[in-house]
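Heads up: the protein sequence lines correspond to chains X and C, in order. Going by my numbering, the first sequence opens with residue 1, and the numbers climb by one from there. Going by my numbering, the second sequence opens with residue 354, and the numbers climb by one from there. See below for the structure under consideration.
There are 2 protein chains.
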Amino acid sequence: MQRPEPQEFARVLSSMCTEPHPAARAAAERFLATNPGDPGTYGTVADLEREAVDLLGEVTRLPDPTGYVTSGGTEANIQAIRIARNRTRDAVDRPNVVVPDHAHFSFSKAADLLSVELRRAPLDEDYRADLDAMAALVDADTVGVVGVAGSTEYGRVDPIPDLAALAEEADALFHVDAAWGGFALPFTEYAWDFADAAVDTMTIDPHKLGQAAIPAGGLLARSSALFDTLAVDTPYLESTGQVTLTGTRSGAGVASAVAAMRELWADGYRTEYERAQALAEWFADELRERGYDVVDPTLPLVAAALPEATIGTLREAGWRLSKTGSGEARVVVMPHVTRGALTSVLADLDRLG
Amino acid sequence: MQRPEPQEFARVLSSMCTEPHPAARAAAERFLATNPGDPGTYGTVADLEREAVDLLGEVTRLPDPTGYVTSGGTEANIQAIRIARNRTRDAVDRPNVVVPDHAHFSFSKAADLLSVELRRAPLDEDYRADLDAMAALVDADTVGVVGVAGSTEYGRVDPIPDLAALAEEADALFHVDAAWGGFALPFTEYAWDFADAAVDTMTIDPHKLGQAAIPAGGLLARSSALFDTLAVDTPYLESTGQVTLTGTRSGAGVASAVAAMRELWADGYRTEYERAQALAEWFADELRERGYDVVDPTLPLVAAALPEATIGTLREAGWRLSKTGSGEARVVVMPHVTRGALTSVLADLDRLG
């Protein structure tokens, strides 16, 4: 095979994934040829998956967790909405799910796949779910309510306990999407996890801030009964019944998630969160000093209203930079994003902008 | 990390996955930290994915292929059924899909997810789709017809051109599931691919007989327009619009698929098919000589009516052996399954059986 360059992370400011931790990379390489989707055949990695779920339970304070390692946050979000729909299937003809407007686009995929109406509620002025706006969209056909703990565009955390109460009142499933934020939030003051609120299901992805290799998403549920409506028979496997969305799955992702969490939970993740948060705040200040409007980085993610032409110039200089829906430049301060890199961005801004 | 043993393939007779080709493994390791789901950020692996699709087009004789590398056959099958449903959404209220009874259980998942009725037609006496039985289930609400090219339990190939004609008559999408068989069938006499019949979409998985690392499934479509109904907006990515089921995806799988196909297409796959087919036929003969009923291995997969107790004894001896829905022992002659291993199985049978 020719050797095209694989990913060079030095200038990637746009991704919610990162260079895996060395232990996670080593584990992924050793388990490349295993399939946790066939636990009867691949027993070792099936054991590791149980450990991954237990570790995710520690991170999210769920004592007896059920769940599995998904292909990513999208699968986890789809499956949560599928649970919400399936468990009410006999009672609700035209199910809807109420989400705050910043819910990830995977919920749009879920809605299309599952023929569920997605109701998007406007945010409050601080880019968080607005409880009244959410409540106004809930009705008798609402089967699920979603809260976001670390939004994709601004890193915002919704009022999770309030949303949990809203869901409970509506007798709807309450799902929290902490795909990106889940490995930073334990070190913040936010109320977001299973101990803070009546959360039914949660997405939390080891392959984002968890520093595992792709693909390692996570879906957790408070009760194993929630998975019952997802099972399909698997006639030819050594096991029977399968609740996952995919069939063959990546043992590399599972082993990598376990290795990363063994290595980094809790102190390693705390250290990284503190580094990244401080760096994000510093970068935000530097941008403000240059006269740009900046959305306050309440998690390690900076959105700033750079002119379109400036964003283009930075991209031409090699920076992988994405934009929010409103057009702000968006920098995700992942573990591979260093102070040196952000200093260079500022220098390029000063020189080129 | 402690070092539990990863998979030892020497005694695995039950899996449709295998040890990746060394070139495929090396490529997977190099691209572990890339995400083809975000092509604006991860450009190199996005280019590789286009090459993967082109190579899959060569294998399946589709000159101008569209498609992508999926998380596996399940995602590809789900997406095909989603296309079938979505493109007729305005015209059909209660869509159904007609499949032969041996269709993989991922079609049951697809039916549940997509709220599509799955109609399973009984097989003929040779374990292939029965055209009359399939036709009897087709009606005005049929949006898809599925043919299997290499069935999971017996390795059978359905009459693909006849099923294509049936689908065409019904104005339904015609999908072929060649997830496992796709890298063996080019070297057989079967009519199964895009040049043989009016196939609209096909599942063909590099991470099975293609010898790529997990996760690398494949979905191909004759026309890019078929994907149009799947697109959702992706506000914060550098690209816009996404038709895949998952979001973040595995660059390792993509790079690995390209490396395997560059290395093995066509002669390497032919050599392996010929080896495996000869071995399957030899093993079937050996079992027949011992008095067991054997389903004729028309692809490299042997199903034999061993007594339940014998299967248990072989499993206790360490053989990873699965069973068909009817209870036969099932041996998939993948690249890692050697003549030496099958000779040992026979020796164990003679000694323990």
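Ideal Cβ placement from N, Cα and C applies to all residues, glycine included. If you're wondering where the values come from, they're calculated on a predicted model, not measured in any experiment.
Taking only beta-carbon atoms, is residue i less than 8 Å away from chain C?
{"i": "Ser108 (chain X)", "result": "yes"}
{"i": "Gly73 (chain X)", "result": "yes"}
{"i": "Pro63 (chain X)", "result": "no"}
{"i": "Ala320 (chain X)", "result": "Note that residue 320 (chain X) is Arg in the sequence shown, not Ala. Yes, Arg320 (chain X) counts as interfacial toward chain C."}
{"i": "Arg339 (chain X)", "result": "no"}
{"i": "Arg25 (chain X)", "result": "yes"}
{"i": "Glu373 (chain X)", "result": "Given that chain X is displayed from residue 1 to residue 353, the structure contains no residue 373 (chain X) and the question cannot be resolved."}
{"i": "Asp158 (chain X)", "result": "no"}
{"i": "Pro95 (chain X)", "result": "no"}
{"i": "Pro235 (chain X)", "result": "yes"}
{"i": "Asp267 (chain X)", "result": "no"}
{"i": "Leu306 (chain X)", "result": "no"}
{"i": "Thr246 (chain X)", "result": "yes"}
Going by Cα to Cα distance, which pick from the options is closest to residue i?
{"i": "Glu542 (chain C)", "options": "C:Ile513, C:His560, C:Leu519", "result": "C:Ile513"}
{"i": "Thr203 (chain X)", "options": "X:Leu219, X:Gln242, X:Pro215, X:Ala195", "result": "X:Leu219"}
{"i": "Thr234 (chain X)", "options": "C:Leu583, C:Ile664, C:Glu506", "result": "C:Glu506"}
{"i": "Pro568 (chain C)", "options": "X:Thr246, X:Gln211, X:Asp124", "result": "X:Thr246"}
{"i": "Thr44 (chain X)", "options": "X:Met334, X:Leu137, X:Val254", "result": "X:Val254"}
{"i": "Asp93 (chain X)", "options": "C:Ser468, C:Asp443, C:Arg440", "result": "C:Ser468"}
{"i": "Phe540 (chain C)", "options": "C:His528, C:Tyr626, C:Leu519", "result": "C:Tyr626"}
{"i": "Leu118 (chain X)", "options": "X:Arg330, X:Leu346, X:Asp139", "result": "X:Asp139"}
{"i": "Ala399 (chain C)", "options": "C:Val686, C:Leu699, C:Ala605, C:Ala548", "result": "C:Ala605"}
{"i": "Glu281 (chain X)", "options": "X:Thr298, X:Lys109, X:Ala212, X:Glu58", "result": "X:Thr298"}
{"i": "Gly535 (chain C)", "options": "C:Phe362, C:Leu408, C:Gly678", "result": "C:Leu408"}
{"i": "Arg575 (chain C)", "options": "C:Pro448, C:Ala474, C:Asp443, C:Asp553", "result": "C:Asp553"}
{"i": "Thr324 (chain X)", "options": "X:Leu48, X:Ala341, X:Val302", "result": "X:Val302"}
{"i": "Val647 (chain C)", "options": "C:Asp620, C:Gly621, C:Ser679", "result": "C:Ser679"}
{"i": "Val406 (chain C)", "options": "C:Ile664, C:Ala612, C:Glu642", "result": "C:Ala612"}
Would you say residue i reaches chain X, if we count a Cβ-Cβ gap shorter than 8 Å as a contact?
{"i": "Glu372 (chain C)", "result": "yes"}
{"i": "Asp515 (chain C)", "result": "no"}
{"i": "Ser697 (chain C)", "result": "no"}
{"i": "Phe536 (chain C)", "result": "no"}
{"i": "Asp391 (chain C)", "result": "yes"}
{"i": "Leu526 (chain C)", "result": "no"}
{"i": "Asn388 (chain C)", "result": "yes"}
{"i": "Asp530 (chain C)", "result": "no"}
{"i": "Asp646 (chain C)", "result": "no"}
{"i": "Val655 (chain C)", "result": "no"}
{"i": "Gly678 (chain C)", "result": "yes"}
{"i": "Asp465 (chain C)", "result": "yes"}
From residue i to residue j, what distance separates their C-alpha atoms?
{"i": "Ala578 (chain C)", "j": "Lys561 (chain C)", "result": "28 Å"}
{"i": "Cys17 (chain X)", "j": "Arg481 (chain C)", "result": "45 Å"}
{"i": "Tyr421 (chain C)", "j": "Asp483 (chain C)", "result": "31 Å"}
{"i": "Ala178 (chain X)", "j": "Val243 (chain X)", "result": "21 Å"}
{"i": "Val501 (chain C)", "j": "Val510 (chain C)", "result": "6 Å"}
{"i": "Pro300 (chain X)", "j": "Thr271 (chain X)", "result": "13 Å"}
{"i": "Val143 (chain X)", "j": "Leu230 (chain X)", "result": "16 Å"}
{"i": "Gly73 (chain X)", "j": "Gly155 (chain X)", "result": "16 Å"}
{"i": "Gly150 (chain X)", "j": "Trp180 (chain X)", "result": "6 Å"}
{"i": "Ser603 (chain C)", "j": "Thr423 (chain C)", "result": "9 Å"}
{"i": "Leu667 (chain C)", "j": "Leu490 (chain C)", "result": "41 Å"}
{"i": "His455 (chain C)", "j": "Leu476 (chain C)", "result": "8 Å"}
{"i": "Leu13 (chain X)", "j": "Ala329 (chain X)", "result": "10 Å"}
{"i": "Phe547 (chain C)", "j": "Pro453 (chain C)", "result": "20 Å"}
{"i": "Ile78 (chain X)", "j": "Arg351 (chain X)", "result": "45 Å"}
{"i": "Arg3 (chain X)", "j": "Val331 (chain X)", "result": "For Arg3 (chain X), the pLDDT reaches just 42, beneath the cut-off of 50, and the residue's location in the model is therefore unreliable, leaving the point undetermined."}
{"i": "Ala257 (chain X)", "j": "Tyr395 (chain C)", "result": "22 Å"}
{"i": "Ala309 (chain X)", "j": "Ser344 (chain X)", "result": "18 Å"}
{"i": "Ala379 (chain C)", "j": "Val529 (chain C)", "result": "31 Å"}
{"i": "Met1 (chain X)", "j": "Asp558 (chain C)", "result": "Only weak support exists for where Met1 (chain X) lies, its pLDDT of 38 falling under 50; the coordinates are left without a value."}
{"i": "Ala444 (chain C)", "j": "Val450 (chain C)", "result": "15 Å"}
{"i": "His104 (chain X)", "j": "Glu75 (chain X)", "result": "12 Å"}
{"i": "Trp192 (chain X)", "j": "Arg89 (chain X)", "result": "28 Å"}
{"i": "Pro688 (chain C)", "j": "Arg673 (chain C)", "result": "15 Å"}
{"i": "Glu411 (chain C)", "j": "Gly621 (chain C)", "result": "15 Å"}
Original post:
Taking contact to mean at least 3 C-beta pairs separated by less than 8 Å, is the segment 524 to 531 of chain C in contact with the segment 625 to 640 of chain C?
Top reply: no
Subject >> Contact the segment 22 to 31 of chain X vs the segment 608 to 616 of chain C: 3+ CB pairs below 8 Å >> reply: no
Original post:
In the segment 196 to 228 of chain X, which residues sit with their C-beta less than 9 Å from some C-beta in chain C, listed in chain order?
Top reply: Asp205, His207, Lys208, Ala213, Ile214, Pro215, Gly217
Original post:
Name the residues in the segment 393 to 406 of chain C whose C-beta lies less than 8 Å from a C-beta of chain X; which are they?
Top reply: Gly393, Thr394, Tyr395, Thr397, Val398, Asp400, Leu401
Subject >> Cβ pair count under 8 Å reaching 3, the segment 401 to 416 of chain C against the segment 434 to 442 of chain C >> reply: no
Original post:
How do the segment 386 to 401 of chain C and the segment 625 to 635 of chain C stand: do at least 3 beta-carbon pairs fall below 8 Å, yes or no?
Top reply: no
Original post:
Which of the residues in the segment 248 to 263 of chain X, read from start to end, lie with their CB under 9 Å from any CB of chain C?
Top reply: Thr248, Arg249, Ser250, Gly251, Ala252, Gly253, Ala255, Ser256, Val258, Ala259, Arg262, Glu263
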